[in-house]
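Chains as they are written, first to last, in the working numbering: chain U, 2 to 99; chain B, 6 to 398.
Where a beta carbon is used, it is the ideal one built from N, C-alpha and C, also for glycine.
Because the structure is a prediction, the values reported are computed rather than measured.
Below you'll find the structure, written out as structure tokens, and then a few comments.
Following this line, the structure appears as structure tokens:
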């Protein structure tokens, strides 16, 4: 459950610094969650640590904070798959403004 | 194994060249007149004389995608095709070149449909001229074998890292036999060390290859591809010189100039027909005509400097095109004219279109072309694009 850190993009200044169309894998240069309307919230009391949410998240935003499941809101798009799949219903989707 | 001589066809010369270059992965789909190449290579893999992964694919599209994937793993690859098969590969060709993978491909030049035909002309390879591949045209089976070995050295040079297409005239070269010198494996291994690259997928250093780029960076990637490509000519010349030193044969780099220095009229040719023109030049020179031959060995990179350094004695240049870009003229003619337009005193140019679908062009035809060039009136307004050998006047 290691997520790539946000890296600083250093723009090539001259033609010799241009790479071929190849880049370090997992090279993330900015946060990307701006279009989320609903936000998943984990109720740790109900969570049984089955990690189904981790397996189904298409964006890889579920991670472990200590021994608890947490969600990286910098990249979560709010699709709701984790809440839909969570059998103990420990994840609920709430409106972004709440 | 030491070198030897054998009486072989152009396709087998290509296959033997590939065997000597030891590619790790081969994926190709058979098509006339390239078939012998894939038959021979699969035999070499089967009998163990070539240690290579031979991937049987269901189409040319799969063949180019398979070698793209293999090359992205950082290994030496080979594919071969012709005509409609090359066109079926088109989607993959710019992936290979844009991704900067040094795949080597043999293309047996053949008509593209319709009218359907299996015989030779250059409409297939010239249709994909703009897709970022180095394009080489050879004159005989010996050059075909030698250029396979040179091709890997050129394409895999870190400054080049660009795929290369070796074009071989269908039937005229692929299926005719000649005595060919086959160099020893030790010498080839010395000339061509294994391929090493950082442009690859690896678990130790995970990379994304063939990445996307939008309005913000796409132009810079293209600028790099173009500026790198414009330097490839130097590598080609160096590799040719190094090859000559080791194997005793030289082809002259991007072009071969034959009696061009004091010529008044020059014919520009590509591929097998060059041999006929060379004989005609010999004959006409003996009769006192100042004629010369410029053999275009590469269409990309285009030999701009070689065109600009043509002597001012040259009054007229004829370009033989075995292709037509419908609605304008022959593709080679367009390229030659563009280069010559940068010259201070640009010679007059005439386009001869012929040899389509393998129609013969005889020595007499070339003599007529030279005589027409020698008496050409540059103020004439007649059409400069002429089909030769038509069935009517």
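Could you name the residues of chain U that residue i contacts, counting a contact when the two beta carbons are closer than 9 Å?
| i | result |
| --- | --- |
| residue 215/B | 22 and 23 |
| residue 211/B | 25, 26 and 27 |
| residue 81/B | None at all; the shortest Cβ gap to chain U is about 18 Å. |
| residue 105/B | 21, 22 and 23 |
| residue 218/B | 22 |
Any beta carbon of chain U sitting closer than 9 Å to that of residue i?
| i | result |
| --- | --- |
| residue 166/B | yes |
| residue 375/B | no |
| residue 297/B | no |
| residue 225/B | yes |
So, helix, strand or coil for residue i, using DSSP?
| i | result |
| --- | --- |
| residue 74/U | coil |
| residue 290/B | helix |
| residue 80/B | coil |
| residue 141/B | strand |
| residue 378/B | helix |
| residue 278/B | helix |
| residue 248/B | helix |
| residue 54/U | helix |
| residue 305/B | strand |
| residue 44/U | coil |
| residue 318/B | coil |
| residue 283/B | helix |
| residue 96/U | strand |
| residue 19/U | coil |
| residue 356/B | strand |
| residue 312/B | helix |
| residue 298/B | strand |
| residue 398/B | coil |
| residue 63/B | coil |
| residue 40/B | helix |
| residue 47/B | helix |
| residue 25/U | strand |
Where does residue i land, buried or exposed, given buried means 16+ other C-beta within 10 angstroms?
| i | result |
| --- | --- |
| residue 350/B | exposed |
| residue 229/B | buried |
| residue 49/U | exposed |
| residue 371/B | buried |
| residue 406/B | Missing from the structure shown is residue 406/B; chain B here goes from 6 to 398 and no further. |
| residue 135/B | exposed |
| residue 240/B | buried |
| residue 35/U | exposed |
| residue 44/U | exposed |
| residue 11/U | exposed |
| residue 284/B | exposed |
| residue 46/U | exposed |
| residue 235/B | exposed |
| residue 121/B | exposed |
Applying a beta-carbon distance threshold of less than 7 Å, which residues of chain B neighbour residue i?
| i | result |
| --- | --- |
| residue 100/U | Outside the displayed range of chain U (2 to 99) lies residue 100/U, so it cannot be described from this structure. |
Note the first and the last residue of the continuous beta strand (DSSP E) segment covering residue i.
| i | result |
| --- | --- |
| residue 213/B | 212-214 |
| residue 323/B | 321-326 |
| residue 184/B | 182-187 |
| residue 66/U | 63-66 |
| residue 110/B | 109-114 |
| residue 90/U | Taken as a continuous stretch (DSSP letters only), residue 90/U belongs to no beta strand (DSSP E), as it is neither H nor E. |
| residue 10/B | 9-14 |
| residue 174/B | 169-174 |
| residue 263/B | 260-263 |
| residue 391/B | 390-392 |
| residue 33/B | 30-33 |
So with CB distances below 8 Å, who are the chain U contacts of residue i?
| i | result |
| --- | --- |
| residue 204/B | 21 and 23 |
What first and last residue would you give for the alpha helix (DSSP H) that runs through residue i?
| i | result |
| --- | --- |
| residue 223/B | 223-235 |
| residue 191/B | 190-196 |
| residue 83/U | 82-86 |
| residue 336/B | 336-345 |
| residue 100/B | 98-103 |
| residue 118/B | Per DSSP, residue 118/B belongs to no alpha helix (DSSP H) and is neither H nor E. |
| residue 153/B | 146-161 |
Quick one: does residue i have its CB under 9 Å from some CB of chain B?
| i | result |
| --- | --- |
| residue 96/U | no |
| residue 59/U | no |
| residue 41/U | no |
| residue 13/U | yes |
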